[in-house]
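FYI, in mature numbering (1 follows the signal peptide of the UniProt record, and there is no 0) the residues of the sequence shown are -24 to -1, 1 to 583.
Positions of the beta carbon are idealized from the N, C-alpha and C atoms, including for glycine.
Take a look at the structure below.
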Amino acid sequence: MKRTVGFAVLWAVMALLASAPLWGTLPEPASGRIDTAERYQDGAWTRVSLPQAGRPAGGWEHYRIRFDWDGRDPVTLYLPTISQRAVVEVAGERIADTENRTTLVSLASGVPALVALPGKLLERGGNQVDIRVQTLGLVPGYLSTLYVDKAERLAPYYRTRVFVLEYLRLMVPAGQLLIALVVLVVWLYRPQESLFGWLFLLLTTSMFVYLGMMRELLPTPVEAMYYAIMAGSAACEILVITVLLIAGVPVPRWLKITVPGVPAACILVSALGLVPPAQVVLFVNAPLNMLGQLAALAILVWAALARRVEEAWLLVLPLLLSTVAALHDFAIIMTWLDGPIFLSVYYRPAMMIGIAMILMRRLGLSLGRLDNINGYLTQRLREQERELERLHQDERRETAARALSEERRRLTADLHDGLSGHLASIIALSEREKSERVEGAAREALDDLRLVIHSLDIDDHELPVALAGLRERLERQLKRLGVAMDWSLAPLPEIAGVTPSHALNVLRILQEAITNALRHGGATRITVRGARSECGQACITVENDGRPFPRRPERGGEGLINMRRRVRQLNGVIDIEPLASGTRLTLLLPLRLPGAEPDQGQPDPVA
């Protein structure tokens, strides 16, 4: 109901606005009016009233107006509407010609003109201006009421008429071309809907009359316009086909044949000289155009009332207005009505709005169907997700159990490698009653346990936190042993993808390097540095001043084996280099660490 009321209000507003050219008039100046003139006819001057409408087409007419001038302020001649061409002369000198200032279509339908009257050609007191009006083709001549006044008083009215009679006409084909391109794109995406194809042809063939706006491209514009109108007459048959498709009625084959057949026959008859082109346009194409619009209007009304076709209502009012405008223009050509302004071009936007509304309606219906399908598919997807969740519940539990078991295995291995060794030493020393060494071993065991526990709280990007904790513990141990330590890891680049297992592996490697320096090298000073390597990796070096590490050790101990395993899990590289006095261990780590799972198939990372 709301949609029906909305459409009714929309069409009421459109009808009010669209009917304005039928009952409204443009404003005119309040002063300087000249409503009489002299027309030269049959060798004599005859006094006539203005406007002069319905004048015979195809020749020249000479008019003369008279006015008084005080000789002080410059004055301007304002011609609100001329059809088709006007040549203005003062004192026998041509001062204006409207032929080259606008398009052929605008000339045929009337244009305004504002002509400055040169003071040097005027006299104080009475003056006269000669106006020669030329008509071409089928359109009768027209000369409106004239005005002579100051330019600043006449210019606003002139600009208004230029906008309405010229600029607005040029906007219509631009909008029609845009709608035609939109319809073409829709048809290319939905070729199964022939309605869009016929709408595209309707919009393009009805634009042939606009060829008059390209007068510079046509060598003989007036003659060419006849053939353009003949070619554009296919629009009346296409219009009937379009409304039949909207009404859901099969299109007869003979009607489709008339689309190219009628224009081709008219052009052929005119080109062979059998019938003058003007007569073909006036007595064949123009009546066919009106007949096609009347037939299409009748079909639309029948479809809207009898068949309840909603889309028919969208074109009833635009087509009704276009039909009235076509009858109005034909009456002007036949001199049944005064006035040169053709209204058909102004009602094209109404048809374009109707076509656009059909497109939007079909788009809206398609989107509505898509929403319904999307809702159904969303519901089905949710059901499938719940089913999938139920089916994979056990598998997720098993995966979690495996991950927990693997983490327990790693933790057990770390405790076995570190804490169990310390506890074994404590037991052995306690049996020998060496209390001082027992205390040291117990401290090492406690520190090792704290190292493992601390690593479990490390998250991504928190490797510096773990390293700071290791530094704090090492400083206490080394201080008791009298070993100096120089620690600087601030330049170390940020490492992403850090897990508790990664952190523990790095800490174990550094711990093992320092332990080896103390236990096997007898170091008195240890230096730990962090930096970015030349290849862009994170680089940690541990250097001591103890006994150099042998270049070719006879065998690798458990510590070296564990370091290799841990570096492999980090996708890193480790290099142990003997120095002249001491040993340097270099650990290279990627800036993003891999998964926590060890990769047993990778090559030995120790360089």
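Asked: Determine, using beta-carbon pairs with one atom in the segment 49 to 68 and one in the segment 134 to 153, whether at least three such pairs fall under 8 Å.; Found: yes
Asked: For LEU450, which residues in the same chain have their Cβ closer than 7 Å to its Cβ, ignoring the five residues on either side in sequence?; Found: MET461 and ILE490
Asked: Mind checking which residues open and close the beta strand (DSSP E) that includes residue 588?; Found: Absent from the structure is residue 588, since the part of the chain shown begins at -24 and ends at 583.
Asked: Please state if the CB of ARG324 and the CB of GLU287 are separated by a distance shorter than 9 Å.; Found: no
Asked: For ARG527 versus VAL459, is the C-beta distance shorter than 9 Å?; Found: no
Asked: Tell me the rounded alpha-carbon separation between GLY474 and GLY522.; Found: Sequence inspection shows Val at residue 474; the Gly mentioned does not correspond to that position. Between VAL474 and GLY522, the C-alpha separation is close to 32 Å.
Asked: What does the alpha-carbon distance come out to for the pair residue 586 and ILE434?; Found: In the structure as shown, the chain begins at -24 and stops at 583. Residue 586 is therefore absent and cannot be evaluated.
Asked: At the level of alpha carbons, what is the spacing between GLN487 and PRO440?; Found: 15 Å
Asked: I'd like to check one pair, PRO316 with SER85: are the Cβ atoms closer than 9 Å?; Found: yes
Asked: Can you find the residues in the same chain that come closer than 8 Å, C-beta to C-beta, to GLN369, ignoring five residues on each side of it along the sequence?; Found: none
Asked: Helix or strand or just coil, what does DSSP make of ARG70?; Found: strand
Asked: Can you give me the C-alpha to C-alpha distance between ARG48 and GLU14, rounded to a whole angstrom?; Found: 27 Å
Asked: Leaving out five residues on either side along the sequence, give the residues of the same chain with a beta carbon under 6 Å from the beta carbon of ARG505.; Found: SER464 and THR517
Asked: Applying the 10 Å Cβ sphere with the 16-neighbour rule, what's the burial state of residue 584?; Found: A question about residue 584 goes unanswered here, because the residues of the chain that appear run from -24 up to 583.
Asked: Between which two residues does the alpha helix (DSSP H) harbouring THR52 extend?; Found: THR52 -> not in any alpha helix (DSSP H); beta strand (DSSP E) instead, spanning 51 to 59.
Asked: LEU546 lies in the alpha helix (DSSP H); which residues open and close that run?; Found: No alpha helix (DSSP H) holds LEU546; DSSP gives it neither H nor E.
Asked: Rounded to whole angstroms, what's the CA-CA distance from ASN492 to THR375? Just pull it up for me.; Found: 38 Å
Asked: Considering only residues of the same chain and omitting the five flanking positions on each side of THR299, which have a CB-CB separation below 8 Å?; Found: MET266, GLN269, LEU270 and LEU273
Asked: Output the boundary residues of the beta strand (DSSP E) element that contains HIS38.; Found: 36 to 45
Asked: Mark TYR123 as exposed unless 16 or more other C-beta atoms lie within 10 angstroms of its C-beta, in which case mark it buried.; Found: buried
Asked: Can you list, in chain order, the residues of its chain whose CB lies under 6 Å from that of ALA279, leaving out five sequence neighbours each side?; Found: ALA223, VAL285 and ALA288
Asked: Looking only at its chain, what residues have a beta carbon closer than 6 Å to the beta carbon of PRO570, apart from the 5 residues adjacent to it on each side?; Found: ASN547
Asked: Rounded to whole angstroms, how far is the Cβ of ILE331 from the Cβ of LEU175, which I believe are closer than 8 Å?; Found: 6 Å
Asked: Measuring alpha carbon to alpha carbon, tell me which of ALA507, PRO524 and ASN481 ends up nearest ARG495.; Found: PRO524
Asked: Do you know how far the Cα of GLY19 is from the Cα of LEU303?; Found: 37 Å
Asked: Could you give the residue range of the beta strand (DSSP E) that holds THR503?; Found: 501 to 508
Asked: Spell out the partners DSSP gives SER464 in its beta bridges.; Found: ARG505
Asked: So THR52 and LEU90 are in contact, right, with Cβ under 8 Å, and what is the actual spacing, rounded?; Found: 6 Å
Asked: What distance in whole Å lies between the Cβ atoms of GLY117 and GLN60, which are believed to be in contact at a cut-off of 8 Å?; Found: 7 Å
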